[in-house]
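Those protein sequences? They're chains A and B, same order as listed. Be aware that the first sequence starts at 41, since it is given in the working numbering, and climbs by one per residue. Be aware that the second sequence starts at 10, since it is given in the working numbering, and climbs by one per residue.
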Amino acid sequence: MNPMDELPQKIEHLVHELSVLPFNDMNGTVEGPLTLTNYTTWGIIALVTTVLIFTFVARRESRRMKLAAESGSTAELAPSSRFVSMIESGVEFIRDMAVDVIGPKEGPKYTALLGTFFFMILISNFYGLIPGGKTFAGSIGGTVALALLSWLIFVWVGFSKNGFFGYFKSLIPSGVREMPLAGRLVLGAYIFLLEFISTFLVRPLTLAVRLFANMYAGHIILGVFGAFTALFWPFFEKGLSWSIGGIGVGAVSMAFLIIMYAFEVFVAFIQAYVFTILTAVYIQSSVHASEH
Amino acid sequence: MLIEFAYASAEAVEGGEKAAEGLAGTLGAVYPNPADIWPTMVAFVILFLVLYKFAFPLIIGMLDKRAAAIKESLEKAENTQVEAERLLEEYKQQMAEARGEASKIIDQGRKVAESMKEEIVAKANEEAAQIVVKAREAIDSEKKAAIAELQASVADISVAVAGKLIGEKLSSADHAKLIEKYVAEVGGLNDN
Numbered sequence: 041m042n043p044m045d046e047l048p049q050k051i052e053h054l055v056h057e058l059s060v061l062p063f064n065d066m067n068g069t070v071e072g073p074l075t076l077t078n079y080t081t082w083g084i085i086a087l088v089t090t091v092l093i094f095t096f097v098a099r100r101e102s103r104r105m106k107l108a109a110e111s112g113s114t115a116e117l118a119p120s121s122r123f124v125s126m127i128e129s130g131v132e133f134i135r136d137m138a139v140d141v142i143g144p145k146e147g148p149k150y151t152a153l154l155g156t157f158f159f160m161i162l163i164s165n166f167y168g169l170i171p172g173g174k175t176f177a178g179s180i181g182g183t184v185a186l187a188l189l190s191w192l193i194f195v196w197v198g199f200s201k202n203g204f205f206g207y208f209k210s211l212i213p214s215g216v217r218e219m220p221l222a223g224r225l226v227l228g229a230y231i232f233l234l235e236f237i238s239t240f241l242v243r244p245l246t247l248a249v250r251l252f253a254n255m256y257a258g259h260i261i262l263g264v265f266g267a268f269t270a271l272f273w274p275f276f277e278k279g280l281s282w283s284i285g286g287i288g289v290g291a292v293s294m295a296f297l298i299i300m301y302a303f304e305v306f307v308a309f310i311q312a313y314v315f316t317i318l319t320a321v322y323i324q325s326s327v328h329a330s331e332h
Numbered sequence: 010m011l012i013e014f015a016y017a018s019a020e021a022v023e024g025g026e027k028a029a030e031g032l033a034g035t036l037g038a039v040y041p042n043p044a045d046i047w048p049t050m051v052a053f054v055i056l057f058l059v060l061y062k063f064a065f066p067l068i069i070g071m072l073d074k075r076a077a078a079i080k081e082s083l084e085k086a087e088n089t090q091v092e093a094e095r096l097l098e099e100y101k102q103q104m105a106e107a108r109g110e111a112s113k114i115i116d117q118g119r120k121v122a123e124s125m126k127e128e129i130v131a132k133a134n135e136e137a138a139q140i141v142v143k144a145r146e147a148i149d150s151e152k153k154a155a156i157a158e159l160q161a162s163v164a165d166i167s168v169a170v171a172g173k174l175i176g177e178k179l180s181s182a183d184h185a186k187l188i189e190k191y192v193a194e195v196g197g198l199n200d201n
């Protein structure tokens with residue numbers, strides 16, 4: 041049998057596997073919002089992991105700071121292990137991002153918030169790369185949830201920092217506000233409309249879709265190369281036979297699978313970073329809305 | 010498609026369960042399933058609380074404390090180095106001074122020794138000269154005494170030799186008699 045005949049079935053199976061399903065029943069459908077899905081299950085696993093990691097590191101830090109205070113020796117403040125150092129540099133990375141983007145005064149307040157976005161997405165994305173694992177960002181529901189939270193936060197910051205009308209007013213650039221009345225009305229209304237759509241509708245939508253599409257597409261690519269390898273190297277596929285050309289195609293697929301796997305590790309990090317830094321930028325534009 | 014999606018979404022929000030079922034086939038992955046939305050939100054809030062209340066303050070506290078400790082250590086090290094360099098310079102200077110002083114002392118010592126040597130030699134020379142002079146004087150006086158003694162003994166010996174030659178030992182009384190005889194003879198001559 042031609043391996044390519046099997047491909048559509050494989051792809052269909054892959055897409056089905058990547059859709060939102062009850063965690064314990066591949067062939068079932070999600071009945072209502074209280075069903076535990078495959079994505080939420082892995083999301084909970086990622087959450088527990090993240091909480092455990094940070095609890096462990098924070099306890100370690102507090103113990104060492106206590107030791108340093110008791111002994112008066114600053115040597116206790118040195119990094120204690122590679123793992124703790126790694127988490128510390130992650131936290132430092134987020135803090136620096138918050139300070140760089142939002143500003144030295146307001147930035148540090150949002151460090152924990154941005155860190156939550158970053159580590160939640162990052163650790164979950166790594167779970168998504170484990171064969172059989174999932175990242176909540178692989179389902180649009182998960183990314184919509186985060187984008188909605190990001191949106192709520194930056195809009196709330198915008199209103200609380202600038203006042204209800206102040207925030208809306210800040211959507212129109214100050215140059216337009218100083219124009220003659222006609223210009224103010226025509227251009228102001230036009231820009232207000234654009235900015236309103238961009239701020240209140242496009243931002244959350246793009247946040248959600250960007251993260252979801254990247255993760256979903258990555259998983260599809262890995263799945264397709266995996267399917268190719270499985271079809272042309274039919275160790276476990278009944279009814280398919282080995283051929284010399286097939287071995288070659290399988291080898292190329294395997295090579296691409298490995299390359300794309302490495303790339304997806306990079307994407308997992310980059311997408312967590314992009315989501316976080318965009319949230320930071322949106323918060324920054326809300327904090328300093330009245331300044332431009 | 011977009012209208013369909015909007016319609017489906019609206020229906021999903023309103024209808025919930027029924028819409029989700031209906032959409033699973035048509036829109037599949039791009040329909041945000043409420044079963045994924047709210048657990049993610051809850052997870053976010055839980056993680057945020059853990060990080061905000063507990064983990065981040067401690068980790069950032071550690072980072073800040075460590076940064077402060079490192080800064081302090083570096084400053085201390087810098088100060089210590091400056092101090093060390095200053096001390097080294099000071100010691101070097103002291104060393105040079107001490108060396109100069111030492112060579113001065115040695116020079117002085119050498120000079121003193123030299124002068125002492127000269128003095129001693131001069132004194133010795135002088136003493137030697139004195140000794141020579143004294144010795145010469147002593148020799149002279151010895152010589153004179155010896156000569157005087159010799160002269161005395163020569164007179165005695167001559168007398169003795171003369172007595173022997175005359176065959177008569179003249180005593181002092183004899184001397185006197187002899188002298189009287191001669192004197193008498195001499196006088197008798199005058200009578201004739």
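Yeah, the Cβ is synthetic: ideal placement off N, Cα and C, and Gly gets one too.
9 Å or more divides the Cβ of A291 (chain A) from the Cβ of I68 (chain B).
The distance from the Cβ of G130 (chain A) to that of F96 (chain A) is about 14 Å, inconsistent with a contact at the 8 Å cut-off.
About 7 Å separates the Cβ atoms of V60 (chain A) and A44 (chain B), confirming a contact at the 8 Å cut-off. Put simply, the backbone Cα of V91 (chain A) is about 7 Å away from that of L56 (chain B). Pairing N42 (chain A) with G286 (chain A), the inter-Cα distance amounts to about 10 Å.
Taking a cut-off of 8 Å for Cβ pairs, the segment 244–257 of chain A and the segment 170–186 of chain A touch, as three or more such pairs fall below it. Looking at the DSSP output, P62 (chain A) bridges to A:T77. Judged by beta-carbon spacing, T151 (chain A) lies beyond the 9 Å limit of S82 (chain B), meaning their Cβ atoms are not closer than that value.
The C-beta of I323 (chain A) comes no closer than 9 Å to any C-beta of chain B. Scanning A:W82, A:V141, A:E101, A:F208 for the CA closest to the CA of S120 (chain A) turns up A:E101. Between M44 (chain A) and L186 (chain A), the gap from beta carbon to beta carbon reaches 9 Å or more.
Using a Cβ-Cβ cut-off of 9 Å, E87 (chain B) does not count as an interface residue toward chain A, since no Cβ of chain A sits closer than that to its own.
A Cβ of chain A is located within less than 9 Å of the beta carbon of M50 (chain B). The three-state reading of DSSP puts G223 (chain A) in helix, counting H, G and I together. The segment 77–93 of chain A and the segment 161–174 of chain A touch, with three or more beta-carbon pairs separated by less than 8 Å. Listed in chain order, the non-local C-beta contacts of G258 (chain A) below 6 Å within the same chain comprise E304, V307, local neighbours out to five positions each way being set aside. Legend: CB atoms of the segment 159–193 of chain A lying less than 7 Å from CB atoms of chain B belong to residues M160, F176, S179, I180, G181, G182, V184, A185, L186, L189. By the neighbour-count definition (other C-beta atoms within 10 Å, threshold 16), G172 (chain A) is an exposed residue. Around the beta-carbon of I127 (chain A), 16 or more other beta-carbon atoms lie within 10 Å, marking it buried.
Residues of the segment 46–73 of chain B with a C-beta atom less than 7 Å from some C-beta of chain A are I46, W47, P48, T49, M50, A52, F53, I55, L56, F57, V59, L60, Y61, F63, A64, F65, L67, I68, I69, G70, M71, L72, listed in chain order. Taking a beta-carbon distance threshold of 9 Å, L153 (chain A) counts as an interface residue toward chain B. If you draw a straight line from the Cα of L225 (chain A) to the Cα of L117 (chain A), it is about 60 Å long. For T95 (chain A), the residues of chain B that pass the 9 Å Cβ criterion are V59, F63, A64, in the order they occur in the chain. Annotation: F194 (chain A) to T89 (chain A) spans about 27 Å, alpha carbon to alpha carbon.
Listed in chain order, the non-local C-beta contacts of G203 (chain A) below 6 Å within the same chain number zero, local neighbours out to five positions each way being set aside. For the pair M71 (chain B) and R217 (chain A), the CB atoms are not nearer than the 9 Å cut-off.
For the pair A155 (chain B) and D165 (chain B), the Cα-to-Cα distance works out to about 15 Å. K174 (chain A): not part of any alpha helix (DSSP H); DSSP gives it neither H nor E. Distance from the CA of G112 (chain A) to the CA of K106 (chain A), rounded to the nearest whole angstrom, comes to 10 Å. In this structure, DSSP gives W282 (chain A) a state outside helix and strand, which the three-state scheme calls coil. For the C-beta of Y150 (chain A), not a single chain B residue is nearer than 7 Å; the gap to the nearest is close to 10 Å. Of the residues assessed, S293 (chain A) falls on the buried side of the cut-off, its CB having 16 or more other CB atoms within 10 angstroms. The beta carbon of E81 (chain B) sits closer than 9 Å to some beta carbon of chain A.
V197 (chain A) is positioned such that its CB atom lies closer than 9 Å to that of V327 (chain A). Residue range 65–175 is occupied by the alpha helix (DSSP H) that includes Y100 (chain B).
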